[in-house]
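Heads up: the sequence lines are chains A and B, in that order.
For the first sequence, position 89 (counting from the first letter as 1) is numbered 89 according to my numbering, and the numbering increases by one without interruption.
If you want my numbering, it's the position in the second sequence, counting the first as 1, plus 1000.
The beta-carbon is built from N, C-alpha and C at its ideal position, and this holds for glycine as well.
On a predicted model such as this, the values are computed, not experimentally measured, just so you know.
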Amino acid sequence: MSDAGAGANCARVAVVGAGPAGLYAVQSLLASAPGIGVDVFDRLPAPYGLVRYGVAPDNQKIKSVTRVLRTAFDDGKQVRFFGNVRFGRDIARADLLEHYDAVVYATGAQGERKLGIPGENLPGSYGAKDFVDWYSGHPDAADRHFDLHASQVAVIGAGNVALDVVRMLAHSPDKIAATDVPDRVLEAFRGSRVTDVYLIARRGLAQAKFTPEELRGFNALDNVDVVIRPEDAVLTADDEIRVGSDRQLRTNVTMLREWAQRPLRGKARRIHLRFLQRPVRILGENRVEGVVLERNEMLADGHVRGTGKLETLGPAMIFRSVGYQALRLPDVPFDEAGSIIPNRQGRVLQESGELAQGEYVTGWAKRGPCGVIGTNKSDSAETVSNLVADLAARTSCRGSDPEAILALLVLRGVGYTSWADWLRLDDHEMQLGRRQGRPRVKVAVLRSMLELARGA
Amino acid sequence: MTYVVTETCVDCVHRSCVKECPVDCIYEGARSLYIQPEECINCGACVPVCPEEAIYFEEDLPESSLPHLNDNEDFFTQTLPGRSEPLGSPGGAAPVGRLGVDTPMVASIPHRAATLCTEAGE
C-alpha cells in the first residue's frame, strides 16, 4: 500500500455504486488512508450490486462474499451508505465534485448488447438481463412476468450469464426453492413447462468465454441430460494448441467432451450446447416461433465465417446474452466505442484525453464487462492506489462538512436510506427465508423494500 | 467443495492468488500457501493467476495431488508445530500474516531450488 500523505488522510471520497467494485474500492481506501471518510451511493436501498442481482441464485456460496464486503460499514461513521439515491437525478456530478475530494464511479454495466437481427424485438425475445433481473428480484423487473410455458427455449451467447440462464431454466423446482428468489419467481419456475434449452454459441467450444466454475454448475442439475453433437465438439489444430497451453480452457474442454460422449439418460429436461452456430433471424408473426441458425466455420485467426448451411429450431422463447454494456452517466465522460468511462489505470480521462481532476473509475465501467467478482479486488486496488497518490500530492483537503451532503439530499427531498435501514431489510428477508426453510427470500418491489428498510 | 493449493506451490510461493482472492482466504505457512476451505467461496479467481498452476478445484485434483485436499484443511484444523491451538477460521489472511510453519506433510516435501519455479508473468 502506498504511504498516504496528509492530503489523503483528511480527504472525503464519494463512491458511486455499492457493488463489488465499489465496495472493494472502499476497502482499499480504508487500508491505504486510515483517516479517510467515504460515502457510498447506490440507486437501490440494498447494496452489493451484481453479487445480489447478478450472481445466479443457485450459487449462494459465492454470494457469501458479502461477509467481506460489509465489514467497511461496521463502525457506521467512517463509511456511510446512501441508498435509494440515483446519480444524475438525485445527485449530480457537480454536487459530488463540490462536496468530496475525489469521486469513484463504480456503476458497472447496466445496459446490454443486442443481436441486430430481424425478429429480435418480437414478444418472446428478451435480453438475458431482463430475465436475470427478474429471477434475482431486482426492483427494475418487479412488473415483469415470465411464464415459462414454452417447451423449447434458446439462449444466444457463450458467456457466464448465458450459462446462468440455461442452468436456471433447467433446474428442478426443488433446486430453485433452495435459493433466495422472490416467491412469485419460484411459482413461475414451479409452473415451468420447459423441456429443452438450447445454448447457441457463434464460435467453437474452445472460444467460449464462460469459466469452468460456471460450466461445472451443470453437474448439479439432477434431472437433465446435456446434449453435445459430435460435429460441435471438434477442435481445429489451432484450438488444440491453445487448449494445451491454457488450463481454464483445458478444464472446459475436458468437461464438454465428457458430456459429448455420455449416453443420454432419458432425463426430463435436456440442455443442448450448440457451437459454431449464428442466429440469422428470429421467426414469428406476432410472437417468437423459432429461430434460423447458420452453421459457422472456424478460421485460423480465431474468427468465424458463415457456411450458408441453415437450420431452424422452434423455441417460443429466446434470450439474447451477448454481453452487458456500460451506459453513459449524466455529465461524466464516456467512450462510446469501448462502452466504458475512459480512463488511465482508473484515472478518468476527459473526452479531450486530458486527465479529469478528482474523478476515478473501477469495475466494469472501467474495464468493460469481464472477469469474476475477485477481479474487482485488484482492479479497485489499482484505481485507489492512483487516487491516494493524487490526494497525497495535495497539501490540504477540501474540508467539506460531512453533514452538508445530508442537508443537500434533504433539501432536494431525496428519501435516502442508511446502512441501518439496509440491515433492517436484510433481516426481514432472512426471516422470510427461515419461515420457508430457504436461505433468504428477496423483496423485489422498491416501495416494499423502502418501507421495510425504514421500519414503517 | 473448495479449491486446494497443491505441491507445485511449495518453495515457489508467488502470492498472486492472495492478491486476487476476494475473501482473503489463502493463508501463508512457511514454504506453501493454504486455502481455508470454510472461507473459500468457490469463485475460482485464484486458479488462472497462479504461475505454478498449483490450485485446483477439489473435483479436478490430479490423483497424485489428492492428499493436499485434507492437508489444506489440516493447516487450519490441526495444531501446527510450535503453536498452542489450531488456526481455525480467522476470517482473513492479511491480519494473520505469514505463519512461518507448514503442515507436517508439506514440511516433509524435499526442498526445491528457486530456479525450478516458474518466472512470474511467464
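| said: Let me make sure I understand the geometry here. Which of Tyr1003/B, Ile1055/B, Tyr1027/B and Asp1074/B has the alpha-carbon closest to that of glycine 1100/B? | reply: Position 100 of the second sequence, counted from the first residue, corresponds to residue 1100/B. The shortest C-alpha separation from glycine 1100/B is found at Tyr1027/B.
| Going along the chain, which residues of its own chain have a beta-carbon closer than 6 Å to the beta-carbon of serine 136/A, five neighbours each way excluded? | If you number the first sequence from 1, residue 136/A lands on position 136. Once the five neighbours on either side are set aside, the close Cβ partners of serine 136/A are Tyr53.
| task | Establish whether the CB of glutamate 1122/B and some CB of chain A are separated by less than 8 Å. | result | Residue numbering aside, residue 1122/B sits at position 122 when the second sequence is read from its first letter. Note that glutamate 1122/B has pLDDT 43, beneath the 50 cutoff, so the model's placement of it is unreliable and the number below is only indicative. Closer than 8 Å: no.
| field | Inside the stretch 1063 to 1100 of chain B only - alpha helix (DSSP H) runs reaching at least 4 residues | value | Considered as a whole, the stretch 1063 to 1100 of chain B harbours 1067 to 1077 as its complete alpha helix (DSSP H) runs of no fewer than 4 residues, in chain order.
| request: Can you give me the Cβ contacts of arginine 281/A inside the same chain, cut-off strictly under 6 Å, excluding the 5 residues immediately before and after it? | output: For this step, residue 281/A is matched to residue 281 along the first sequence. Correct list, in chain order: Ile117, Pro118, Gly119 and Val292.
| task | Using a Cβ-Cβ cut-off of less than 7 Å, list which residues of the stretch 228 to 257 of chain A approach chain B; keep chain order. | result | With the criterion set as a beta carbon lying under 7 Å from some beta carbon of chain B, the members of the stretch 228 to 257 of chain A are Arg247, Gln248 and Thr251, in sequence order.
| If you draw a straight line from the alpha carbon of asparagine 376/A to that of tyrosine 360/A, how long is it in whole angstroms? | Taking the first sequence and counting its residues from 1, the one referred to as residue 376/A is at position 376. Taking the first sequence and counting its residues from 1, the one referred to as residue 360/A is at position 360. Each residue's alpha carbon lies about 14 Å from the other.
| Helix, strand or coil: which one does DSSP assign to arginine 165/A? | Numbered from its first residue, the first sequence carries residue 165/A at position 165. Per the sequence shown, the amino acid found at residue 165/A is valine instead of arginine. Reduced to three states, the DSSP call for valine 165/A is helix.
| Leaving out five residues before and five after alanine 14/A in sequence, what residues of the same chain have Cβ atoms less than 6 Å from its Cβ? | By 1-based counting over the first sequence, the position of residue 14/A is 14. For alanine 14/A, where only same-chain residues beyond five positions count, the Cβ hits under 6 Å are Asp39, Leu96, Tyr100 and Val103.
| query | Do serine 1084/B and valine 1049/B have their CB atoms nearer than 8 Å? | reply | Translated into the one-based positions of the second sequence, residue 1084/B becomes position 84. Translated into the one-based positions of the second sequence, residue 1049/B becomes position 49. No, Cβ-Cβ distance for serine 1084/B and valine 1049/B is not below 8 Å.
| task | Could you list which residues in chain A have their beta carbon closer than 7 Å to that of valine 1004/B, in chain order? | result | Taking the first residue of the second sequence as 1, we reach residue 1004/B at position 4. Under a criterion of Cβ atoms nearer than 7 Å, no residue of chain A is adjacent to valine 1004/B; the nearest Cβ is some 14 Å distant.
| task | Report the residue from Lys1019/B, Val1004/B, Ser1032/B and Pro1037/B whose alpha carbon sits nearest the alpha carbon of proline 1104/B. | result | Within the second sequence, residue 1104/B is the residue found at index 104, counting from 1. For the residues Lys1019/B, Val1004/B, Ser1032/B and Pro1037/B, the minimum Cα distance to proline 1104/B belongs to Ser1032/B.
| said: Taking its Cβ as the centre, do 16 or more other Cβ atoms sit within 10 Å of glutamate 1122/B, making it buried, or is it exposed? | reply: In the second sequence, residue 1122/B corresponds to position 122, counting from 1. With a pLDDT of only 43 at glutamate 1122/B, under 50, the local geometry of the prediction cannot be trusted, and the value read off the model is given with reservation. It counts as exposed.
| request: With methionine 317/A as the anchor, note down where its beta strand (DSSP E) starts and where it stops. | output: For the purposes of this step, residue 317/A is taken as residue 317 along the first sequence, with counting starting at 1. Secondary structure note for methionine 317/A: its beta strand (DSSP E) is the uninterrupted segment 317 to 320.
| request: Run the CB neighbour count on cysteine 1009/B, radius 10 Å, all protein chains shown included, and call it buried at 16 or more, exposed below. | output: Translated into the one-based positions of the second sequence, residue 1009/B becomes position 9. If you draw a 10 Å sphere on the C-beta of cysteine 1009/B, you find 16 or more other C-beta atoms in it, and that means buried.
| If you draw a straight line from the C-alpha of glutamate 240/A to the C-alpha of proline 47/A, how long is it? | As a working mapping, residue 240/A is identified with position 240 in the first sequence. As a working mapping, residue 47/A is identified with position 47 in the first sequence. Rounded to the nearest angstrom, the two C-alpha atoms are 43 Å apart.
| Partner residues on chain B for glutamate 462/A, Cβ-Cβ distance less than 8 Å | It is not possible to answer for residue 462/A, since the shown part of chain A is limited to 1 through 456.
| field | Where the beta strand (DSSP E) through tyrosine 1003/B begins and ends | value | As a first step, residue 1003/B is located in the second sequence; it is residue number 3 there, counting from the start. For tyrosine 1003/B, the enclosing beta strand (DSSP E) has its first and last residue at 1003 to 1005.
| task | Return the residues of the stretch 1005 to 1018 of chain B that lie within a Cβ-Cβ distance of less than 8 Å from chain A, sorted by chain order. | result | Along the stretch 1005 to 1018 of chain B, none of the residues has a CB nearer than 8 Å to a CB of chain A.
| task | List the residues of chain A that valine 1023/B touches, going by C-beta distances under 9 Å, in chain order. | result | Position 23 of the second sequence holds residue 1023/B. Annotation: Cβ neighbours of valine 1023/B in chain A (cutoff 9 Å, chain order): Ser64, Val65, Arg67, Val68 and Gly374.
| What runs of the alpha helix (DSSP H), each 4 residues or longer, lie entirely inside the stretch 114 to 187 of chain A? | Fully contained in the stretch 114 to 187 of chain A are the following alpha helix (DSSP H) runs of length 4 or more, in chain order: 128 to 135, 160 to 170 and 173 to 177.
| said: Run through the DSSP bridge pairs and tell me what arginine 295/A is partnered with. | reply: Locating residue 295/A in the first sequence gives position 295, counting from the first residue. According to DSSP, arginine 295/A bridges with Gln277/A.
| Alpha-carbon to alpha-carbon, glycine 35/A and histidine 428/A | The sequence position of residue 428/A within the first sequence is 428, counting from 1. The sequence position of residue 35/A within the first sequence is 35, counting from 1. Annotation: histidine 428/A to glycine 35/A spans about 34 Å, alpha carbon to alpha carbon.
| said: Does isoleucine 200/A pass the burial test, meaning 16 or more other C-beta atoms within 10 Å, or should it be called exposed? | reply: By 1-based counting over the first sequence, the position of residue 200/A is 200. The residue is buried, with at least 16 neighbouring Cβ atoms inside 10 Å.
| message | Which residues does DSSP list as the beta-bridge partners of threonine 312/A? | response | Working through the first sequence from its first residue, we reach residue 312/A at position 312. Threonine 312/A is bridged by DSSP to Val292/A.
| By Cβ distance below 6 Å, which residues in the same chain neighbour proline 1110/B in space, the five residues on each side in sequence not counted? | Position 110 of the second sequence holds residue 1110/B. Excluding sequence neighbours, proline 1110/B sits near nothing in its chain.
| said: With H, G and I counted as helix, E and B as strand and the rest as coil, what does DSSP make of threonine 1115/B? | reply: Sequence index remark: in the second sequence, residue 1115/B carries index 115 (1-based). In this structure, threonine 1115/B counts as helix in the three-state DSSP scheme.
| message | Is it buried or exposed, proline 402/A, if we count other Cβ atoms within 10 angstroms and call 16 or more buried? | response | Taking the first residue of the first sequence as position 1, residue 402/A is located at position 402. Proline 402/A is classed as exposed because its beta carbon has fewer than 16 other beta carbons within 10 Å across all chains shown.
| field | Distance between beta carbons of serine 1089/B and glutamate 1039/B, contact taken as under 8 Å | value | Within the second sequence, residue 1039/B is the residue found at index 39, counting from 1. Within the second sequence, residue 1089/B is the residue found at index 89, counting from 1. Contact between glutamate 1039/B and serine 1089/B holds: their C-beta atoms lie close to 6 Å from each other, under 8 Å.
| Would you say glutamate 1020/B reaches chain A, if we count a Cβ-Cβ gap shorter than 8 Å as a contact? | Within the second sequence, the letter at position 20 stands for residue 1020/B. Interface with chain A (8 Å Cβ-Cβ cutoff): glutamate 1020/B is included.
| Would DSSP call glutamine 207/A helix, strand or coil? | Taking the first residue of the first sequence as 1, we reach residue 207/A at position 207. In the structure shown, glutamine 207/A adopts coil according to DSSP, grouped into three states.
| Mapping DSSP to helix, strand and coil, what is alanine 14/A? | As a working note, residue 14/A is residue 14 in the first sequence. In the structure shown, alanine 14/A sits in a strand (DSSP, three-state: E or B).
| field | Extent of the continuous beta strand (DSSP E) run through tyrosine 1034/B | value | Within the second sequence, residue 1034/B is the residue found at index 34, counting from 1. Its beta strand (DSSP E) spans residues 1033 to 1035.
| query | Name the residues in the stretch 351 to 383 of chain A whose C-beta lies less than 9 Å from a C-beta of chain B; which are they? | reply | Against chain B - using a Cβ distance shorter than 9 Å - the residues of the stretch 351 to 383 of chain A are Gly371, Val372, Ile373, Gly374, Thr375, Asn376, Lys377, Ser378 and Ala381.
| request: Return the Cβ separation of leucine 205/A and aspartate 232/A in integer angstroms, given the expectation that the two are a contact with Cβ distance under 8 Å. | output: In the first sequence, the residue the question calls residue 205/A occupies position 205. In the first sequence, the residue the question calls residue 232/A occupies position 232. Going by Cβ atoms, the distance from leucine 205/A to aspartate 232/A rounds to 7 Å, so yes, they are a contact pair.
| C-beta neighbour in chain B for serine 2/A, strict 8 Å | Reading the first sequence from its first residue, position 2 is the one you call residue 2/A. A caution first: serine 2/A carries a pLDDT of 42, below 50, which makes its placement in the model too unreliable to give a value.
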